[in-house]
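J.:
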Amino acid sequence: MKFNSWSIQALISKKLSVLTLYAAAGYGSVNSTADITGTFTFNANQEGSSPISVTNPLAMSVDNSSARLTGGLRVKLGPFYINGDYTLQKYNTLTVGTGLAIR
0 MKFNSWSIQA
10 LISKKLSVLT
20 LYAAAGYGSV
30 NSTADITGTF
40 TFNANQEGSS
50 PISVTNPLAM
60 SVDNSSARLT
70 GGLRVKLGPF
80 YINGDYTLQK
90 YNTLTVGTGL
100 AIR
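Take the sequence shown: its letter number 73 is residue 72 in numbering that gives the first Met the number 0, and every next letter is one higher.
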């Protein structure tokens, strides 16, 4: 197995009392390769059947690169906060979360 990825991103934010708005623009790339190599023998466990041998049953590769734009917000309620953002990219993503800030 081999996995390589990288990303670069520029961020900007504006805090307004309990609300923080943010935006980002960036570019990312990922390359993944997974191979199962060798010879594998399977027994069907049925009367009269022969074992089946399979050689190098899996070879897959994924390459993905795309630009992305993100917009989001964070609302702070005392020590708690709620955040959410949406990212436009090859595979769009919606992210929501909650947290507790302890200082």
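Each residue gets a CB set at the ideal place from its N, CA and C atoms; glycine is no exception.
For the stretch 55 to 64 and the stretch 25 to 41, state whether three or more C-beta atom pairs, one from each stretch, are separated by less than 8 angstroms.
T.: When C-beta atoms of the stretch 55 to 64 are compared with those of the stretch 25 to 41, three or more pairs fall below 8 angstroms, so the two segments count as touching.
J.: Spell out the partners DSSP gives residue 63 in its beta bridges.
T.: 29
J.: Which runs of the beta strand (DSSP E), 3 residues or longer, sit entirely within the stretch 40 to 98?
T.: 51 to 54, 57 to 76 and 79 to 87
J.: For the stretch 37 to 51 and the stretch 14 to 28, state whether three or more C-beta atom pairs, one from each stretch, are separated by less than 8 angstroms.
T.: no
J.: Cα separation between residue 13 and residue 80?
T.: 16 angstroms
J.: What's the C-alpha gap between residue 77 and residue 15?
T.: 15 angstroms
J.: Report the rounded CA-to-CA distance for residue 52 versus residue 37, giving the unit in angstroms.
T.: 10 angstroms
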